[in-house]
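Going by full-length UniProt numbering, the sequence shown opens with residue 1, and the numbers climb by one from there. Note that the Cβ used here is the ideal one computed from N, Cα and C, for glycine as well. Quick caveat, the model's predicted, so the values are computed rather than measured.
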Amino acid sequence: MTEPRPFKDHFSTAAAGYAAHRPSYPAALIDYLADLAPATACALDCGCGTGQLSVPLAGRFARVLATDASAAQIANAEPHPGVDYRVALAEDSGLPPASVDLVTVAQAAHWLDLERFYAEVRRVARPGAALALISYGVLQVEGPPAPLVEYFYYRVLGPWWPAERRHVEEGYRSLPFPFAERQAPALAIEVQWGLAELLGYLDTWSAVRELEKAQGRAPVERFAAELAAAWGDPATRRTVRWPLALRVGQVGAP
Numbered sequence: 001m002t003e004p005r006p007f008k009d010h011f012s013t014a015a016a017g018y019a020a021h022r023p024s025y026p027a028a029l030i031d032y033l034a035d036l037a038p039a040t041a042c043a044l045d046c047g048c049g050t051g052q053l054s055v056p057l058a059g060r061f062a063r064v065l066a067t068d069a070s071a072a073q074i075a076n077a078e079p080h081p082g083v084d085y086r087v088a089l090a091e092d093s094g095l096p097p098a099s100v101d102l103v104t105v106a107q108a109a110h111w112l113d114l115e116r117f118y119a120e121v122r123r124v125a126r127p128g129a130a131l132a133l134i135s136y137g138v139l140q141v142e143g144p145p146a147p148l149v150e151y152f153y154y155r156v157l158g159p160w161w162p163a164e165r166r167h168v169e170e171g172y173r174s175l176p177f178p179f180a181e182r183q184a185p186a187l188a189i190e191v192q193w194g195l196a197e198l199l200g201y202l203d204t205w206s207a208v209r210e211l212e213k214a215q216g217r218a219p220v221e222r223f224a225a226e227l228a229a230a231w232g233d234p235a236t237r238r239t240v241r242w243p244l245a246l247r248v249g250q251v252g253a254p
């Protein structure tokens, strides 16, 4: 194997905002993953951030081990009695062999050394355990603000997204997945948000941080003013939707 890649930390400086504004995952996804796993004793959620998937998983799994390489993300994670948060690389979880029924990576697989991660998955998975790489790409906003958000994402922030972001936009289809893959159902995250909630989410984007470093806060503030004008009453709640992309399979299955 090659030497481990360094951990690319794009999120520690915005960990509190990540905890406050990133959406969690729908119950339909949790049920699908739990039903795919051979048992529901233990799930491992790698690159867990502040627990957006870890906490919902605890509704179906007796124990959830949630790991992230960022100590700041773990420090800001949502507490839950069924979730054990640990600072650890996805490629080196520290768990005993054959100990988990499900391994998940939500919105983080594009940062991993996948060769090493998959070796770790094979090590910690029980026979027939499920693996899921989960991502959500560009959000869809209801109504007049939609073209403004699209323009901000592609045109204003386009040069500032990390190269790995393309994997998210492609729904992880170009990532290697050396497991018996299953066809996943069509699922989505959907929320009803006011203007402040949407702006809070957009401000967690890593490309915003890079744009600020180069040009200051002015481009972001200009966009926020344009979005507010298109939104109308800031208390108006609009549907915000992220279609989910899943690569799912079972470890050791033929």
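Same chain only: Cβ atoms within 6 Å of residue i, ignoring 5 sequence neighbours per side
i	result
arginine 86	Thr67
leucine 133	Val105, Ala109, Tyr172, Arg247
glycine 143	Arg238
valine 103	Leu44, Val121, Leu131
alanine 34	Thr40, Arg60
valine 240	Leu139, Val141, Val191, Trp193
Neighbourhood of residue i by C-beta, 8 Å cutoff - its chain only, sequence neighbours within 5 removed
i	result
glutamate 181	Arg247, Val248, Gly249
leucine 95	Leu44, Leu65, Val124
leucine 148	Phe223, Glu226, Leu227, Ala230
alanine 214	Trp160
glycine 252	Arg122, Ala125, Pro127, Gly128, Ala129
alanine 41	Phe61, Ala62, Arg63, Asp101
alanine 146	Gln140
glutamate 212	Val220
Extent of the continuous alpha helix (DSSP H) to which residue i belongs
i	result
valine 100	Per DSSP, valine 100 belongs to no alpha helix (DSSP H); it is in the beta strand (DSSP E), 100-106.
glycine 200	195-202
alanine 66	Here alanine 66 belongs to no alpha helix (DSSP H); instead the beta strand (DSSP E) covers 63-68.
alanine 71	71-75
Exposure label - residue i; buried when at least 16 CB within 10 Å
i	result
lysine 8	For lysine 8, the predicted structure reports a pLDDT of 47, less than 50, and the residue's modelled location is therefore unreliable. The matter cannot be settled from this model.
tyrosine 32	buried
proline 97	exposed
glycine 216	exposed
leucine 139	buried
tyrosine 118	buried
threonine 204	buried
valine 155	Note that residue 155 corresponds to arginine in the displayed sequence, not to valine. Classification for arginine 155: exposed.
glutamine 183	exposed
glutamine 73	buried
glycine 47	buried
arginine 126	buried
proline 6	For proline 6, the predicted model reports a pLDDT of 49, less than 50, meaning its position is unreliable; a value from the coordinates is still stated below. Looking at its Cβ environment, which holds fewer than 16 other Cβ atoms inside 10 Å, proline 6 is exposed.
threonine 236	exposed
serine 135	buried
glycine 232	exposed
threonine 28	Before going further, note that residue 28 is alanine rather than threonine in the sequence given. Label assigned to alanine 28: exposed.
proline 81	exposed
glycine 158	exposed
serine 54	buried
proline 56	buried
alanine 37	buried
serine 174	exposed
Cβ shell of residue i (< 7 Å), same chain only, five flanking positions each side left out
i	result
proline 176	Leu114
Endpoints, the beta strand (DSSP E) within which residue i is located
i	result
valine 156	Segment: none, valine 156 is in no beta strand (DSSP E) and carries neither H nor E.
valine 86	It should be noted that the sequence gives arginine, not valine, for residue 86. Here the beta strand (DSSP E) through arginine 86 covers 83-87.
Residue(s) in a DSSP beta bridge with residue i
i	result
tyrosine 172	Its beta-bridge partners do not exist; DSSP assigns none.
glutamate 181	Gly249
glutamine 192	Thr239
Runs of beta strand (DSSP E) lying entirely within the segment 102-147, each at least 3 residues, in chain order: 125-136
Length at least 4, wholly inside the segment 206-244: the alpha helix (DSSP H) runs in chain order: 206-215, 218-231
Start-end ranges of the beta strand (DSSP E) lying completely within the segment 22-56, minimum 3 residues: 42-46
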